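Visitor: In the numbering used here, the protein residues as written are 1 to 71.
Please see the structure below; I have some questions.
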Amino acid sequence: MEKKRYRDLLIASGIADSRTASLKVAMVQLHSAYCQLDLSGRAAFNGMVNAKTLREVLIQMAETEDLNTEL
Numbered sequence: 001m002e003k004k005r006y007r008d009l010l011i012a013s014g015i016a017d018s019r020t021a022s023l024k025v026a027m028v029q030l031h032s033a034y035c036q037l038d039l040s041g042r043a044a045f046n047g048m049v050n051a052k053t054l055r056e057v058l059i060q061m062a063e064t065e066d067l068n069t070e071l
């Protein structure tokens with residue numbers, strides 16, 4: 001059985017096909033950055049993120065980087 005690709009999961013969730021590439025690239029970059037953290041870095045990041053949703057983490061980041069926070 002072939003595993004479902006992330007792009008397919010996004011489309012199945014109702015994300016427009018034209019938006020899947022940029023979302024996949026962003027998630028791969030985040031995954032890579034997280035994987036490069038050592039255990040204490042991962043613990044620190046997990047503590048900062050805590051129980052926030054992805055949207056809440058995006059808003060937190062946007063507030064510190066002068067990006068759009070109206071998500």
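Quick reminder that beta carbons are idealized off the backbone N, C-alpha and C, glycines included.
Everything numeric in this text was worked out from a predicted model, so none of it was measured.
Is the number of C-beta pairs between the stretch 21-29 and the stretch 1-10 that are closer than 8 Å three or more?
Guide: The stretch 21-29 is in contact with the stretch 1-10.
Visitor: Would you tell me roughly how many angstroms separate the C-alpha atoms of aspartate 66 and isoleucine 15, rounded to the nearest one?
Guide: Within the sequence shown, numbered from 1, the residue matching residue 66 stands at position 66. Within the sequence shown, numbered from 1, the residue matching residue 15 stands at position 15. Using only the alpha carbons, I get a separation of about 26 Å.
Visitor: With H, G and I counted as helix, E and B as strand and the rest as coil, what does DSSP make of glutamate 56?
Guide: For the purposes of this step, residue 56 is taken as residue 56 along the sequence shown, with counting starting at 1. Residue state, collapsed to three classes: helix.
Visitor: Rounded to whole angstroms, how far is the Cβ of arginine 55 from the Cβ of leucine 71, which I believe are closer than 8 Å?
Guide: Here residue 55 refers to the residue found at position 55 when the sequence shown is read from its first residue. Here residue 71 refers to the residue found at position 71 when the sequence shown is read from its first residue. The pair is a contact, with the Cβ atoms about 6 Å apart (cut-off 8 Å).
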